[in-house]
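First comes the structure, then the notes that go with it.
Number of protein chains: 2
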Amino acid sequence: MEEILNEHSRASRGQVAGIYQAIRDRICLLHYPPGKKLAEYELAEEFAVSRTPIRQALQRLEYDGLAEIRNGVGTTVTVIDRHTFEDIFTFRMHLSELIGDFPAPAEIPTVLSSLDHLIDMAEQTRSDRDMVGFWRLNHALQDATGKLIGNQSLRETHTRYYFLACRIWYSVIEGIFDDQSADFIIEAHEIVKALKAGDLRAVGFIQRNHIALGMHRIAPFFRSE
Amino acid sequence: MEEILNEHSRASRGQVAGIYQAIRDRICLLHYPPGKKLAEYELAEEFAVSRTPIRQALQRLEYDGLAEIRNGVGTTVTVIDRHTFEDIFTFRMHLSELIGDFPAPAEIPTVLSSLDHLIDMAEQTRSDRDMVGFWRLNHALQDATGKLIGNQSLRETHTRYYFLACRIWYSVIEGIFDDQSADFIIEAHEIVKALKAGDLRAVGFIQRNHIALGMHRIAPFFRSE
DNA sequence: TCGCCGCAAGCTGCATACATCATCAGCAAA
DNA sequence: TTTGCTGATGATGTATGCAGCTTGCGGCGA
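Quick note, the sequences are listed as chains A and B, same order. Those letters in the first sequence? Residues 1 to 225, per full-length UniProt numbering, in order. Those letters in the second sequence? Residues 1 to 225, per full-length UniProt numbering, in order.
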């Protein structure tokens, strides 16, 4: 399988960042499902580097809560139980509510144009049932709304827990794709409307409601497990 | 100079955690002031390990936002400007407000007894003008309130940004010790009262108000710089 | 005297070898 | 049959040497 993001092509400086991102994306896309063993030596061979930068990337992933390193045993992708799942989604809902408390730092027209583009692509991936494309659009939406957050700490945390959460809904995306992609487009449209009205607080609430929708949509899959 | 927390005494297992904690505490206590160079080789010699575990600890500190690693230059303690300072404190205020939204996971009586003990010690450090002791009590209060947070993600974030913030007020503690220590004791008492009344939401608001007080107390020091 | 170029020193980034730990299969004794 | 020991195995943890980057100083030329 090809790389989702061909980031680890740059040669000397900052290999770790690219490797980290590549592995993180694989985890989020369930190419590396929960419980999957992440052997340092194998990854080192694949990325054509030594174990050292791989270890750095894995340690960052552990710090993110995406991987678990046990001495003498190995590194595995973390398994998320229902309780943790609800914790993360609930927390993200609260975070989104805070967005409106800070003035937007980015230029609104720039964000609006990227949102327009994003909506167009979303219509396409929806009709194509392109899961990976849809997943990347979620990244893009996350990126766009992140630019509207006027508090650096909130923005960091917002991003951090997005990456913890995105792989969860991706694990059940097959069963909820129609609803989820429809809501995605609605969400993007609503955000555009809110932005045009200059109502940043509404953006946060729209996102919060959307996270809640996703949470209730995913929850049944956890109960059945 | 002796270690503040003698954590790096344990031999084989998890050296990194102890080293990380030791360096973090030094940064928070301004033993390593902003801009201070953290040379891997020196630290390796001091902790009697190789550069490898030192590098791990420094990378975690960088991820925390406490250190900055630049290739070919060195690792330095980050400098916090006024804007970042306000971002962090404001965000922490919002986080504290969320505490009341989740049921307390810990047993209240346990927390209450540790708070009682904490108040006694606070009176002592206040009359002794014991800055380091006071700093450790802040850690303890952070720990105690952390046990009241019923959402793991919120708890993690709460702790994370505490460590980013605590070194800031410590840098000006000399000028505000009397006010700060007095408020600390008041805060602890108020939290005890709120807990006895079963009003967890009040705990969050008390903490929020206290963070705001600290923020306004520290802000003038930034303006003069 | 001023400015530019190049080299050298010091630091982090990376690769590699070795140490240590956790696990389990296999065997022997109760 | 069960239990407990033991050695092999494969993983991560650590030490160390070298490569590459950044910076500053000194020398050289205008």
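Cβ coordinates follow ideal geometry from the N, Cα and C atoms, glycine included.
In this structure, the beta-carbon distance from Tyr-161/A to Ile-88/A falls below 9 Å.
The alpha-carbon separation between Ser-114/A and Leu-95/B amounts to approximately 30 Å.
Val-77/A is a Cβ neighbour of Leu-38/A, given a cutoff of 9 Å. Between Tyr-63/B and chain A, the shortest Cβ-Cβ separation is below 9 Å. Taking Ile-206/A as reference, the option from Arg-129/A, Ser-171/A and Glu-97/A with the minimal CA-CA separation is Glu-97/A.
In the DSSP assignment, Gly-100/A falls outside any beta strand (DSSP E) and carries neither an H nor an E.
Beta-bridge pairing by DSSP links Arg-70/B to Gly-74/B. Listed in chain order, the alpha helix (DSSP H) runs fully inside the stretch 103-176 of chain A are 108-128, 131-146 and 152-170, counting runs of at least 4 residues.
When Cβ-Cβ separations below 9 Å define contact, Phe-163/B makes no contact with chain A.
Sequence-distant partners of Leu-112/B (beyond 5 residues in either direction) whose C-beta falls short of 8 Å from its own C-beta, in its chain, are Val-192, Leu-195 and Lys-196.
Using a Cβ-Cβ distance cut-off of 8 Å, the stretch 167-183 of chain A and the stretch 121-133 of chain A are in contact, since at least three pairs of beta carbons, one from each stretch, lie closer than that value. Taking the C-beta atoms as reference points, Phe-134/B is found no nearer than 9 Å to Val-172/B. In the three-state DSSP reduction, Lys-37/A falls in the strand class (E or B). Rounded to the nearest whole angstrom, the C-alpha separation of Asp-81/B and Ile-168/B is 10 Å. Residues of the stretch 149-175 of chain A whose Cβ lies closer than 7 Å to any Cβ of chain B, in chain order: Asn-151, Gln-152, Ser-153, Leu-154, Thr-157 and Tyr-161.
Rounded to the nearest whole angstrom, the CA to CA distance from Leu-137/B to Phe-163/B is 14 Å.
Straight-line measurement puts the Cα of Leu-58/B at about 16 Å from the Cα of His-31/B. Judged by beta-carbon spacing, Ile-149/A lies within the 9 Å limit of His-158/A, meaning their Cβ atoms are closer than that value. By the neighbour-count criterion, in which 16 or more other beta carbons inside 10 Å mark a residue as buried, His-210/A falls on the buried side.
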